[in-house]
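*Asks:* Chains as they are written, first to last, in our numbering: chain A, 1 to 106; chain B, 1001 to 1106.
All residues carry an ideal CB built from backbone N, CA and C; glycine is no exception.
Structure below; questions to follow.
There are 2 protein chains.
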Amino acid sequence: MRRDIFQAIADPTRRAIIALIAVQAMTPNAIAENFNSTRQAVSKHLRILTECELVKQAHNGREIYYSLEIKKMKEIDQWLEQFRQIWETRFNQLDHVLTTIKKRKK
Amino acid sequence: MRRDIFQAIADPTRRAIIALIAVQAMTPNAIAENFNSTRQAVSKHLRILTECELVKQAHNGREIYYSLEIKKMKEIDQWLEQFRQIWETRFNQLDHVLTTIKKRKK
DNA sequence: AATATATGCAACCAAATGGTTTCTTATACT
DNA sequence: AGTATAAGAAACCATTTGGTTGCATATATT
Chain A
1 MRRDIFQAIA
11 DPTRRAIIAL
21 IAVQAMTPNA
31 IAENFNSTRQ
41 AVSKHLRILT
51 ECELVKQAHN
61 GREIYYSLEI
71 KKMKEIDQWL
81 EQFRQIWETR
91 FNQLDHVLTT
101 IKKRKK
Chain B
1001 MRRDIFQAIA
1011 DPTRRAIIAL
1021 IAVQAMTPNA
1031 IAENFNSTRQ
1041 AVSKHLRILT
1051 ECELVKQAHN
1061 GREIYYSLEI
1071 KKMKEIDQWL
1081 EQFRQIWETR
1091 FNQLDHVLTT
1101 IKKRKK
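Below you can see the structure in the form of structure tokens.
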């Protein structure tokens, strides 16, 4: 049961849910209306998203509004940071590194 | 067999592989030395990464150097773009939206 | 009080995942 | 030519995943 953000966003339905509630908090029923699967399936996705804290709940009577925990989304952004350095500064230099290795071996 | 970037980066070992070859192109054997699992396991990860074009190969004799396809990594960055707008401009407004809904229902 | 609605939880199931072991192929070394 | 090494492919296996159906619980509505 590895429950981290990366595993959470791996599923396309979950990414769609995230995109939905990013705009505005929604109840499980309202979210489920946007998909072909059952409410329970969506509920399970919400549970996974909640477990990794990508989503927060707000109870209102018998309804539960789910909304995105934007802070957590930033963690993906932070992970990308290390590669951003590469694609901004080095660009095609990876090929150079490769060429260097090849020459050294010959 | 959904083979997209998000599913590819879901696995921690694959993220580690990505981080490794981002710095410099490496052969499967060299990569496998950094992990506890067998070379074949790493090889399977490389296949998945190759299938979703996150990684490219460079053959050199019997060796195959794997390196990161930085362009593909940008796709994750692009997906984050929609949320970046939210966390930069709106910030705590999601809670406001929620409150609004609550009030409207009461 | 009785019924309807919103939600979560548990049991179950087929398919996918991550790993292993074994085998084959191709290139390098002696 | 014969052996060693690099790597991929296939078969197999336990576990996880995403989904379903059915049931329980709590809050609204009448």
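Rounded to a whole number of angstroms, what is the C-alpha to C-alpha distance between residue 1063 of chain B and residue 1057 of chain B?
*Replies:* Using only the alpha carbons, I get a separation of about 10 Å.
*Asks:* Taking Cβ-Cβ distances shorter than 8 Å, what residues in chain B pair up with residue 80 of chain A?
*Replies:* 1073, 1076, 1077 and 1080
*Asks:* Could you name the residues of the same chain whose beta carbon sits closer than 8 Å to that of residue 1075 of chain B, not counting the 5 residues immediately before and after it, in chain order?
*Replies:* Cβ within range, chain order: 1005.
*Asks:* Would you report the Cα separation of residue 77 of chain A and residue 1038 of chain B, rounded to the nearest angstrom?
*Replies:* When the Cα atoms are used, residue 77 of chain A and residue 1038 of chain B turn out to be separated by approximately 31 Å.
*Asks:* Would you say residue 1069 of chain B and residue 1055 of chain B are within 8 Å of each other, going by their C-beta atoms?
*Replies:* Yes. Within cutoff.
*Asks:* Does chain A have any CB closer than 8 Å to the CB of residue 1006 of chain B?
*Replies:* yes
*Asks:* How close, in whole Å, do the beta carbons of residue 1031 of chain B and residue 1021 of chain B come, if the pair is a contact with beta carbons under 8 Å?
*Replies:* 7 Å
*Asks:* Assign residue 1037 of chain B to one of three DSSP states: helix, strand, or coil.
*Replies:* Reduced to three states, the DSSP call for residue 1037 of chain B is coil.
*Asks:* What does residue 1031 of chain B touch in chain A if you count any residue whose Cβ is under 7 Å from its own?
*Replies:* Correct list: empty, because the minimum Cβ distance to chain A is about 14 Å.
*Asks:* Is it buried or exposed for residue 1042 of chain B, if we count other Cβ within 10 angstroms and need 16 for buried?
*Replies:* buried
*Asks:* Shorter than 8 Å from the beta carbon of residue 17 of chain A to some beta carbon of chain B?
*Replies:* no
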